[in-house]
Amino acid sequence: MRLLILGTGGMANKHAASFKEIEGVSVVGGVDVVPERLAAFCSEHGIPNRFASLEEALAWGEFDAAANATPDAVHHPTTRQAIAAGKHVFCEKPLATTAAACLNIVNAEVASGRHLVQVGFMRRYDKSYRLLKQQIDSGNLGEPLMVHCAHRNPNVPDVYGGDMAITDSFPHEIDVLRWLLDDDYISAQVIMPRKTKHARKDLDDPHMILLETRKGVRIDVEVFVNCPYGYDIQCQVVGEDGIGYLPEPMSVLLRKDAKLSHEILQDWKLRFIDSYDVELQEWIDSVKVGVVRGPTAWDGYFAAVTADACVEAKHSGQIVPIRIGERPAFYAPAALKPAA
Ligand code: ISE
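Numbering of the sequence shown is given in this note's numbering, commencing with residue 130 and proceeding in unit increments.
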């Protein structure tokens, strides 16, 4: 399979490295508006063809699918172009920066009649989340009643501002919890605790986000992005018959200096490093048979609508209903069948 990579930043490099490990795949082209950046990226990864835009690459046409790791604001136009050209596209999260733009992508994909878009919500491919899902799906916990989560980062870069706790960090919980519970959200509320002294003056931190699902499950998520001890993702599902905890990342238990301890990761990329590889392998396998098995454009749209409701809830102090309408039949699991 001949692949194109759009963008040359952190995720583009990560994906280029992962594709080298996948059999039967070669990255045949790179796209970036800055020629020097593109040249460095392509020579680092041995990519033979360079394009200043997706239009240029489409005019050339010698590729089968594209991985879209452009800056967030560029996801919408490029994913639309890929759909229009009938190319499979793996788009990093968020699908687009506004719910309206995500809906645009959904509508374009439905109109094309082919399932072409997968969104990069990698937590669905993480082994620990998959183990927790097995417990829920097997009925071992009984019906889920409540979910308690924490999304903690040790720090965030200066570009992380405004409501990014909700629009950049929290979307991972939005997607993975819908998938874990096989449920949708109907309302959101955001409670702002006292602010930590570790946050920049212009940044609100932490947030406590509450979601309610259609089936009546109540979810609370702490998003705390200046949590000095490290990067820590917690999820606890309280069911009628038992409680399931997201397994901790594997690390050696140490007895040292009069302490019993485990290391805690500091970088989010390391926490989910394996899931990126599984995600891309499964995407390639799906594209080969013309199917999308991973997070769809509809999931990307749902995440954006939920995040918007949370932002509104934060600023209004109200419980905000999440109104999204019924999922189009096009995205029903049974409809996700071969497209090529
Ligand atoms: C970042 O953009 C991510 O996608 C990480 O997975 C997340 O944990 C982090 O909070 C975000 O800033």
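Idealized CB from N, CA, C, for every residue including glycine.
Distance CB(residue i)-CB(residue j) smaller than 8 Å
i      : j      : result
Arg323 : Tyr360 : no
Phe180 : Thr137 : no
His217 : Ala186 : no
Tyr289 : Ser404 : no
Tyr314 : Thr435 : yes
Val350 : Met275 : no
Asp156 : Leu183 : The residue asked about is misnamed: residue 156 is Val in this sequence, not Asp. No.
Val440 : Ile295 : yes
Ala472 : Val449 : Residue coverage of the chain in this structure runs from 130 to 469, which leaves residue 472 outside it and unanswerable.
Lys344 : Asp370 : no
Gly368 : Gly271 : yes
Ile451 : Ser298 : no
Leu409 : His204 : no
Pro357 : Pro273 : no
Residue of the options minimising C-alpha distance to residue i
i      : options                        : result
Ile303 : His277, Leu183, Asp414, Tyr358 : His277
Gly153 : Met130, Ala211, Gly175, Gly446 : Met130
Gln395 : Val420, Ile362, Ser172         : Ile362
Ala279 : Asp292, His301, Glu272         : His301
His444 : Ile453, Gln318, Gly242         : Gln318
Asn355 : Thr325, Gln365, Met140, Met379 : Thr325
Ser380 : Asp386, Tyr374, Ser390         : Ser390
Ala442 : Leu340, Phe250, Ser267, Ala458 : Leu340
Ala198 : Pro273, Ile134, Glu377, Phe299 : Ile134
Asp406 : Val449, Met321, Gly249         : Gly249
Asn233 : Met251, Thr207, Asp386, Lys256 : Thr207
Asp287 : Arg281, Phe299, Gly268, Lys330 : Lys330
Tyr460 : Leu245, Ala145, Ala211         : Leu245
Leu383 : Glu377, Pro376, Leu375, Glu392 : Glu392
Asn269 : Val366, His204, Gly291         : Val366
Ala230 : Gly291, Phe219, Asp201         : Asp201
Trp189 : Glu173, Ala214, Gly175, Arg166 : Ala214
Glu377 : Ala387, Cys364, Asp386         : Cys364
As assigned by DSSP and simplified to three states, the class of residue i
i      : result
Gly454 : coil
Pro322 : coil
Val305 : helix
Ser241 : helix
Asp331 : coil
His391 : coil
Met275 : strand
Trp155 : Before going on, a small fix: residue 155 reads as Ser here, not Trp. Three-state result, Ser155: strand.
Asp349 : strand
Gly139 : helix
Asp361 : strand
Asn269 : coil
Ile212 : helix
Lys222 : coil
Val480 : For the chain, the structure presents residues 130 to 469; residue 480 sits outside this window and is missing.
Leu129 : Here the chain comprises residues numbered 130 to 469, so residue 129 is not present and cannot be evaluated.
Gly429 : helix
Are three or more beta carbon pairs between the segment 211-231 and the segment 415-431 nearer than 8 Å? The segment 211-231 is in contact with the segment 415-431.
Any 3 or more C-beta pairs closer than 8 Å across the segment 251-263 and the segment 308-325: These segments touch.
Are the segment 334-341 and the segment 233-240 in contact at 8 Å, needing three or more beta carbon pairs? Judged by Cβ distances under 8 Å, the segment 334-341 makes no contact with the segment 233-240, as fewer than three pairs qualify.
Across the segment 227-237 and the segment 404-423, are there enough close Cβ pairs to call them in contact, namely three or more that are closer than 8 Å? Judged by Cβ distances under 8 Å, the segment 227-237 makes no contact with the segment 404-423, as fewer than three pairs qualify.
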